[in-house]
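Each residue of the sequence shown is one higher than the one before, counting from 11 in our numbering. Everything below concerns the one structure shown next.
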Amino acid sequence: MDDYKSFARYYDLFLEPIMHRIRRRLVLWVKKYNVKTVLDMGCGTGKQLSFLPKNLFSFGVDISIHMLAQAGKNAQKKCLRGDVVSLPFPDRSFDLVYSQFALHEKDLSVVRKALSEARRILKPNGYLIIVDFANPAGSGLKVKLFKRGITYIESNAGDEHFHNFKIWWKNGGIDQIVENEEWRKVEDISFYAGNVKMSVFQ
């Protein structure tokens with residue numbers, strides 16, 4: 011079953027106001043580190059790919075046929091149907107693999123397999139970027155408001171999605187998951203009072 015069947019056509023309209031500054035920040039990072047080959051793991055509608063410099067060798071992979079139908083409008087011929095636990099690329103293919111809000115909805119066993127696949131297709135000294143929810147420890151008003159908003163949105167995304175989100179949220183995001191996966195943290199960039207993090211690993 012495709013969880014995004016009824017929502018795919020509205021996805022960018024709804025989320026782009028939230029995502030725009032994150033997308034721009036990722037593009038700045040790509041330019042700073044001069045990467046040439048890029049994979050969007052769980053690319054959804056392909057919107058981020060449309061922001062990347064045109065001279066890059068870039069592809070996206072997603073399992074949802076309805077999201078990929080939208081991706082055809084944003085990133086023509088760059089998005090393939092595939093599963094993050096079995097990526098259709100040879101070993102050591104990419105300088106950068108990134109994932110934006112694609113992991114928190116998945117079972118932890120799937121997340122770990124996806125990270126293993128990312129490691130496989132990354133070139134030596136390649137980078138992994140995970141943009142996702144982080145559940146900061148702060149108790150300020152902005153932190154609480156963003157937490158409440160995120161929880162409300164996620165609670166309406168389907169039972170399995172919300173169940174996996176709550177586990178991700180309880181664990182504090184990606185950091186605890188990669189702890190024993192031999193990834194080295196390069197930097198963190200925070201958004202929305204720390205409720206969203208762009209975490210860079212090697």
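We treat Cβ as the ideally placed atom computed from N, Cα and C, and that holds for glycine. Computed from a predicted structure; not experimentally measured.
- Inter-residue distance for Gln186 and Glu192 is about 12 Å (C-alpha atoms, whole angstroms).
- Here Phe67 is exposed. Its C-beta has fewer than 16 other C-beta atoms within 10 Å.
- In the three-state DSSP reduction, Tyr162 falls in the helix class (H, G or I).
- Counting C-beta pairs with one atom in each stretch, the segment 142–150 and the segment 97–105 have fewer than three that are closer than 8 Å, which means they do not touch.
- The shortest CA-to-CA distance from His171 to any of Leu97, Ser60, Asp117 is the one to Asp117.
- For a cut-off of 8 Å, the C-beta gap from Leu62 to Asn84 is around 11 Å, too long to register as a contact.
- A direct Cα-to-Cα measurement between Gln110 and Ile140 gives close to 6 Å.
- Put simply, of Pro27, Trp178, Arg31 the residue whose alpha carbon is nearest the alpha carbon of Ser200 is Arg31.
- Cβ neighbours of Val37 within its own chain (closer than 8 Å, five residues either side excluded): Phe61, Leu62, Pro63.
- With fewer than 16 other Cβ atoms inside 10 Å of its own Cβ, Leu151 counts as exposed.
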